[in-house]
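Colleague: Residue numbers (the working numbering), protein chains in the order written: chain S, 399 to 614; chain Z, 399 to 614.
One structure coming up, written as structure tokens, with questions to follow.
Number of protein chains: 2
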Amino acid sequence: MAIPRAAKTQRRTRIQEEKEERILEAALDVFSSSGFRGSTIDQIAEAAGMSKPNLLYYFRTKEAIHRQLIDRVLFTWLEPLRAFDPDGNPESEIRSYIRRKLEMARDFPRESRLFANEILQGAPHIEDELKGPLKQLVDEKAEVIRAWARMGKIAKCDPYHLIFSIWSTTQHYADFDVQVRAVLGQHYAGEGRFEDAARFLEGLFMEGLRVRGGVM
Amino acid sequence: MAIPRAAKTQRRTRIQEEKEERILEAALDVFSSSGFRGSTIDQIAEAAGMSKPNLLYYFRTKEAIHRQLIDRVLFTWLEPLRAFDPDGNPESEIRSYIRRKLEMARDFPRESRLFANEILQGAPHIEDELKGPLKQLVDEKAEVIRAWARMGKIAKCDPYHLIFSIWSTTQHYADFDVQVRAVLGQHYAGEGRFEDAARFLEGLFMEGLRVRGGVM
DNA sequence: GTAATGTTTTACCAACCGGTCAAATTATCG
DNA sequence: CGATAATTTGACCGGTTGGTAAAACATTAC
Chain S
399 MAIPRAAKTQ RRTRIQEEKE ERILEAALDV FSSSGFRGST IDQIAEAAGM
449 SKPNLLYYFR TKEAIHRQLI DRVLFTWLEP LRAFDPDGNP ESEIRSYIRR
499 KLEMARDFPR ESRLFANEIL QGAPHIEDEL KGPLKQLVDE KAEVIRAWAR
549 MGKIAKCDPY HLIFSIWSTT QHYADFDVQV RAVLGQHYAG EGRFEDAARF
599 LEGLFMEGLR VRGGVM
Chain Z
399 MAIPRAAKTQ RRTRIQEEKE ERILEAALDV FSSSGFRGST IDQIAEAAGM
449 SKPNLLYYFR TKEAIHRQLI DRVLFTWLEP LRAFDPDGNP ESEIRSYIRR
499 KLEMARDFPR ESRLFANEIL QGAPHIEDEL KGPLKQLVDE KAEVIRAWAR
549 MGKIAKCDPY HLIFSIWSTT QHYADFDVQV RAVLGQHYAG EGRFEDAARF
599 LEGLFMEGLR VRGGVM
């Protein structure tokens, strides 16, 4: 009997693991460039090299694929912020946070766009995660930044808007890649733009946060 | 005979103007929150309070609505950058550019999201405008900024990445509004976040661009 | 080998989608 | 008023969409 929809079984087979991985990989491609509503199961199935009913054997609905993808991405996406060390040196912590976020924009642009698409369209699937775990993490790190400012290690500033500005400036290179490419023209070639961006952003934030007359 | 599809006539009637406006207004709502592919004519028609065939009497295709909307938005969207004055004071020019972009994010978030959706999904409808008029304008203003740096009025920096960072930080408050709301929680209420953002961003960019040891 | 389980395919469905058509209705103008 | 043009509606169409059912096929366990 062929009842079990890959869920009834306790143990996942080798084929299941492979196929699910292939589906998620394909879905990342499709969802990140068309958004949830604009993507079709057929597109994902084709990108994954299988038929639609076959794909639906592994994931019962389009939502199920999307949810699993979002969950996975959200976790790794916050990794750099989690790594923010309260006991570290403020300058190097912020500098390396910027650098890591920029590396992620460079190396995982699809993940960034998947996330951006979701937020842009009102985050219908992840509102809870934003208000829960995300807010909690940001609150925690904001307090760290505030403490640094109190100790005079960096200029006084609103830590939330500081974090927003680091998010937006770095993710811009993934999310608005087409625009960046159009504007930079020939200078876009290769990955040089990421080095230029890193230099610019590190300069901006380091000078912008420097305590006047002192060293960070 | 009822042939004319609102195009054959030279003169637009009062009804035509009103209805077209209502359709574009409704389409802005729908497109900005679902993207092009994710939006349906039915949704737009319902939001505009008319039947689908009636809507299609004014705009022949879904693309036609979208194109007109994009054209209109793109023009006003670049207005602040156009206003950038080469002969003005660098500090106040940059400061007021930031402020104006932030005001637009506050007052026209749907327009920002429409644009963001389009870029995110690969800008299939406006690639030419990005590579043409947009690039040209940015090139021109980048040269202005570079000149200011050469004259020692602001710190040396890559003008393109400066512009990108102003775009991204300001538009973030429109495009990622849901996330900003989730993270700020109760502090999101009202429009105070825009004043906080303005204060933070002006500080960041003003200090970040200040020539060390001198005044801008 | 064979029986049980796991995987893939073919055929299909109801709902939705962008868009058309012709007829009915309403506004405009002399 | 009547005629003409502008607008609105309802019925419809072919193609796509998310998803299902069942049978065919492959794999594994004994």
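Glycine included, C-beta positions come from ideal geometry on N, C-alpha and C.
#1: What are the start and end residues of each continuous alpha helix (DSSP H) run of 4 or more residues lying completely inside the segment 516 to 540 of chain S, in chain order?
#2: Over the uninterrupted alpha helix (DSSP H) stretch that includes S:Asp573, give me the two end residues.
#3: Is there at least one Cβ from chain Z nearer than 7 Å to S:Gly612's Cβ?
#4: Quick one: grab the DSSP three-state call for Z:Met399.
#5: Tell me which residues of the segment 443 to 464 of chain S have at least one Cβ-Cβ distance to chain Z shorter than 8 Å, keeping chain order.
#6: Check whether chain Z comes within 7 Å of S:Leu518, counting only Cβ atoms and requiring the distance to be less than that.
#7: Whole angstroms is fine: what's the gap from S:Ala400's alpha carbon to S:Tyr455's?
#8: Output yes or no for whether 7 Å exceeds the beta carbon distance between S:Gly366 and Z:Ser431.
#9: When the Cα atoms are used, what is the spatial distance from S:Tyr586 to S:Arg579?
#10: I'd like to know if the segment 548 to 563 of chain S and the segment 456 to 465 of chain S are in contact, where contact means that at least 3 CB-CB pairs between them fall below 8 Å.
#11: Just reading off the alpha helix (DSSP H) that Z:Leu607 is part of, what are its end residues?
#12: Helix, strand or coil: which one does DSSP assign to Z:Lys417?
#13: Where Z:Ala503 and Z:Pro478 are concerned, what is the direct C-alpha to C-alpha distance, given to the nearest angstrom?
#14: Between the C-alpha atoms of S:Asp469 and Z:Leu518, what's the straight-line distance to the nearest angstrom?
#15: In three-state terms, what does DSSP make of Z:Lys460?
#16: With three or more beta-carbon pairs closer than 8 Å as the criterion, would you say the segment 484 to 503 of chain Z touches the segment 559 to 575 of chain Z?
#17: With a CB to CB cut of under 6 Å and the five nearest residues on each side skipped, what residues in its chain are close to S:Ile439?
#18: Using 10 angstroms around the beta-carbon of S:Gln534, count the other beta-carbons present and answer buried if the total reaches 16, otherwise exposed.
Modeller: Taking the structure as given:
#1: none
#2: If you number the first sequence from 1, residue 573 of chain S lands on position 175. Residues 557 to 573.
#3: One-based indexing of the first sequence puts residue 612 of chain S at position 214. Legend: pLDDT at S:Gly612 = 41, less than 50; position of this residue unreliable, no value from coordinates given.
#4: Walking along the second sequence from the start, residue 399 of chain Z turns up at place 1. With a pLDDT of 41 at Z:Met399, under the threshold of 50, the predicted position of this residue should be treated as unreliable, though the coordinate-derived value follows. Coil.
#5: none
#6: The residue you call residue 518 of chain S lines up with position 120 of the first sequence. Judged by the 7 Å Cβ criterion, S:Leu518 is in contact with chain Z.
#7: Numbered from its first residue, the first sequence carries residue 400 of chain S at position 2. Numbered from its first residue, the first sequence carries residue 455 of chain S at position 57. Residue confidence for S:Ala400 is low, a pLDDT of 44 falling below 50, so the modelled location carries little weight and cannot support an answer.
#8: Any question about residue 366 of chain S goes unanswered here, given that chain S covers just 399 to 614.
#9: Stepping through the first sequence from its first residue, residue 586 of chain S is reached at position 188. Stepping through the first sequence from its first residue, residue 579 of chain S is reached at position 181. The alpha-carbon atoms of S:Tyr586 and S:Arg579 are separated by roughly 6 Å.
#10: no
#11: Counting from 1 along the second sequence, the entry for residue 607 of chain Z is found at position 209. From DSSP, the alpha helix (DSSP H) with Z:Leu607 extends over 590 to 607.
#12: The residue you call residue 417 of chain Z lines up with position 19 of the second sequence. Z:Lys417: helix per DSSP, three-state reduction.
#13: As a working mapping, residue 503 of chain Z is identified with position 105 in the second sequence. As a working mapping, residue 478 of chain Z is identified with position 80 in the second sequence. The alpha-carbon atoms of Z:Ala503 and Z:Pro478 are separated by roughly 12 Å.
#14: Residue mapping note: residue 469 of chain S aligns to position 71 of the first sequence, counting from 1. Residue mapping note: residue 518 of chain Z aligns to position 120 of the second sequence, counting from 1. Straight-line Cα distance between these residues: approximately 20 Å.
#15: The sequence position of residue 460 of chain Z within the second sequence is 62, counting from 1. Helix at Z:Lys460.
#16: yes
#17: Along the first sequence, one-based indexing puts residue 439 of chain S at 41. Lys450, Lys460.
#18: Taking the first residue of the first sequence as position 1, residue 534 of chain S is located at position 136. Exposed is the call here.
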